[in-house]
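> Supplied in structure tokens, the structure appears directly below.
Numbering (our numbering), first residue to last: 1 to 316.
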């Protein structure tokens, strides 16, 4: 039975088994677990990010998000180092530049809310909210994708691809199966109030009535850009923070990425923040060994769009 399952999901189980054998340390994993449990507990008890990080004014918000994400990432780095890592990346200026750059990019992406101002300029104040939501999903192209492309261009001699954005080693079947497994879990989650308070992300804001068009013409562009935004997310977390920094850190790149990825979900429902730890860990392993991020893009976007569809059906 085990052999059949491994063959069904090949090569993902072998990636996980290999990484766990090479990386597992009870001390390291216990400290990471305590760190994340405390962070998640504090955040959802006092609404830490909402009250103390996500300020209204851009510059203070931007600075606090740099500190917020840096605490998560470098907290993970410190735990990995104190748990016996023999890598000397902390002495590398290149590592420090790229890792801090990643935190700045992530903080800017989380802080920039100018999509609504652009929407007001384009369509006026009576229709700007829907257009602003769509532009908000497009913003990752400018806040994440382009900055990473610039960095890759100057460091490309060190990499086989644009931080894993390659068709090499792409395997679709196991990720399709993972999505099928997730579907009933999403359907169960959709029975809870907390899930339906957050999803679907789409909202027409009655623009179908104002513009006299079928709602589907509002759904399609929003969901397309919403789903495609996960390309930028995967490129930053599994591409840049894992594949990009693996040349300095090796397998040590994964757990710090998991920590900051969990912090990214602190304004989502608590269950989603907790599940992001396990999802980020597995997707990080898959990217580390396959050296591509498409599996993560496929799963991430697939789950997000299924959540949208299931939530929309649940509210009908």
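Quick reminder that beta carbons are idealized off the backbone N, C-alpha and C, glycines included.
No experiment lies behind these values; they were computed from the predicted model shown.
Under a Cβ-count criterion, where at least 16 other Cβ atoms within 10 Å of its own Cβ denotes burial, should residue 200 be classed as buried or exposed?
By the 10 Å Cβ count, residue 200 comes out buried.
> How close, in whole Å, do the beta carbons of residue 296 and residue 313 come, if the pair is a contact with beta carbons under 8 Å?
The Cβ separation is near 26 Å, so there is no contact.
> Within 10 angstroms of the Cβ of residue 27, are there 16 or more other Cβ atoms? Answer buried if so, exposed if not.
Exposed is the call here.
> Could you name the residues of the same chain whose beta carbon sits closer than 6 Å to that of residue 231, not counting the 5 residues immediately before and after it, in chain order?
So the qualifying residues of the chain are 297.
> Is residue 251 buried or exposed, if buried means 16 or more other CB atoms sit within 10 Å of its CB?
Buried.
> Which ranges would you report for the alpha helix (DSSP H) in the stretch 239-272 if only whole runs of at least 4 residues count?
Counting only runs of 4 or more, we get 246-249 and 254-264.
> Could you say which of 11, 111 and 76 lies nearest to residue 59 if we only look at CA atoms?
That would be 111, whose Cα lies nearest to the Cα of residue 59.
> Check whether the Cβ atoms of residue 308 and residue 228 sit closer than 9 Å, and answer yes or no.
No, they are not a contact pair.
> Is it the case that the Cβ atoms of residue 87 and residue 249 are separated by a distance below 9 Å?
Yes; because the gap between Cβ atoms is below 9 Å, this pair is in contact.
> Taking the alpha helix (DSSP H) that residue 84 belongs to, which residues open and close that run?
Per DSSP, residue 84 belongs to no alpha helix (DSSP H) and is neither H nor E.
> Three or more beta-carbon pairs under 8 Å between the stretch 140-152 and the stretch 92-110, yes or no?
A contact exists between the stretch 140-152 and the stretch 92-110.
> Please return the same chain residues whose Cβ sits closer than 6 Å to the Cβ of residue 294, not counting the five positions on each side in sequence.
Excluding positions up to five away in sequence, the list reads 170.
> Alpha carbon to alpha carbon, how far is residue 158 from residue 203?
If I take the Cα positions, the gap works out to 43 Å.
> Between the alpha carbons of residue 273 and residue 266, how many angstroms are there, rounded?
Near 6 Å, if we compare the C-alpha coordinates of residue 266 and residue 273.
> Return the residue from the list 176, 206 and 223 that minimises the CA-CA distance to residue 8.
Nearest option by C-alpha distance: 176.
> Under a CB-based cut-off of 9 Å, is residue 72 close to chain C?
Among the protein chains of the structure shown there is no chain C, as only one such chain exists.
> Here's the rule: buried if 16 or more other CB atoms are within 10 angstroms of the residue's CB, otherwise exposed. What is residue 254?
Per the 10 Å Cβ criterion, buried.
> Expressed to the nearest angstrom, what Euclidean distance is found between the alpha-carbon atoms of residue 194 and residue 310?
For residue 194 and residue 310, the distance between alpha carbons rounds to 14 Å.
> Nearest-angstrom Cα distance between residue 83 and residue 35?
Distance between the alpha carbons of residue 83 and residue 35 is about 14 Å.
> Go ahead and label residue 256 buried or exposed: buried means 16 or more other beta carbons lie within 10 angstroms of its beta carbon, across all protein chains shown.
With 16 or more Cβ atoms within 10 Å of its Cβ, residue 256 is classed as buried.
> Hey, residue 179 and residue 302: beta-carbon distance below 9 Å or not?
A contact, by the Cβ cut-off of 9 Å.
> Given this structure, state the Cα-to-Cα distance separating residue 318 from residue 132, to the nearest angstrom.
For the chain, the structure presents residues 1 to 316; residue 318 sits outside this window and is missing.
> If distances are taken between C-alpha atoms only, which option among 222, 105 and 135 comes closest to residue 119?
Residue 119 has its Cα closest to that of 135, out of 222, 105 and 135.
> If you drop the 5 nearest sequence neighbours on each side, which residues of the same chain put their C-beta closer than 8 Å to that of residue 52?
Contacts found: 64.
> Compute the distance between the beta-carbons of residue 122 and residue 223, then report whether it is under 9 Å.
No; because the gap between Cβ atoms is not below 9 Å, this pair is not in contact.
> Residue 315 to residue 66, Cα distance in whole Å?
The straight-line gap from Cα to Cα measures roughly 37 Å.
> For residue 55, does the three-state DSSP call read helix, strand or coil?
The answer is coil: DSSP assigns residue 55 none of H, G, I, E or B.
> Count the other C-beta atoms from every protein chain shown that fall within 10 angstroms of the C-beta of residue 217, then say buried if there are 16 or more, exposed otherwise.
The residue in question, residue 217, is exposed, as its Cβ has fewer than 16 Cβ neighbours within 10 Å.
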